[in-house]
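Each step along the sequence shown adds one to the number in the numbering used here, with nothing skipped, and position 34 is 34.
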Amino acid sequence: PPAPVTRQAAPVDLDVGLRRPQRRSHNPMRRASANLRGYWDRLRFGRKCPAWSDLDRDQIAFFWPNSILLTCAQDSVGGRRGRSIRSANRIADLSGGVTPDTDITFSETMIAWVLALGETVAETGEPMEESDSFPVPTGSQRYTLLALPLIDDGAEHVTHVLCHVRQA
1 PPAPVTRQAA PVDLDVGLRR PQRRSHNPMR RASANLRGYW DRLRFGRKCP
51 AWSDLDRDQI AFFWPNSILL TCAQDSVGGR RGRSIRSANR IADLSGGVTP
101 DTDITFSETM IAWVLALGET VAETGEPMEE SDSFPVPTGS QRYTLLALPL
151 IDDGAEHVTH VLCHVRQA
């Protein structure tokens with residue numbers, strides 16, 4: 001008699017039905033911003049926030065060229081302790097790698113917006129995202145700002161805030 005035919009079943013992903021369907025965005029920059037948050041989440045390794053040293057500057061500069069690193073300082077003014085922004089640098093300027101051209105020119109009001117949200121994130125230690133409209137030569141443009149806290153190893157408070165601005 002002929003030998004029985006055996007077939008090997010294909011591997012089955014048991015949790016595939018449990019995943020939420022992902023919303024598809026037609027705006028690649030929207031996906032890029034979401035990917036930055038995912039990148040930040042993956043680097044946490046069980047901590048509240050990743051450290052600046054955990055991030056790959058060249059990768060951030062290449063994939064998210066409109067990103068800014070805010071460096072925080074602990075202040076004590078009139079008996080009130082708080083966090084303030086000591087410096088702000090475009091990640092592309094800190095990177096030694098090749099970066100695409102940035103597509104956003106930051107106005108003074110946009111810079112103030114980035115600094116204000118960055119200060120709030122430095123205080124709370126929580127990621128935040130918000131949108132606002134700003135004047136441009138052709139009228140008005142809506143932008144979204146994602147601000148992610150970073151805590152260096154051994155530090156008790158937020159030491160940096162990674163901010164990414166994109167057209168909404």
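Note that CB positions come from ideal geometry on N, CA and C, so glycine has one too.
Straight-line measurement puts the Cα of residue 40 at about 20 angstroms from the Cα of residue 167. Contact between residue 164 and residue 35 is absent: CB atoms are separated by about 10 angstroms, not below the 8 angstroms threshold. Annotated as distal: residue 157 and residue 69, with beta-carbon spacing of 8 angstroms or more.
Checking the DSSP bridge columns, you'll see residue 59 has no partner listed. By the criterion of a C-beta distance shorter than 6 angstroms, residue 129 is surrounded in its chain by 146, once the five residues flanking it on both sides are discounted.
Residue 144 sits in a strand when the DSSP states are folded into three classes.
Judged by DSSP in its simplified three-state form, residue 125 adopts coil rather than helix or strand. Taking all protein chains in view, the Cβ of residue 112 is surrounded by fewer than 16 other Cβ atoms within 10 Å, so the residue is classified as exposed. Residue 50 is classed as buried because its beta carbon has at least 16 other beta carbons within 10 Å across all chains shown. The alpha-carbon separation between residue 106 and residue 43 amounts to approximately 28 angstroms. DSSP, read as helix, strand or coil, puts residue 161 in strand.
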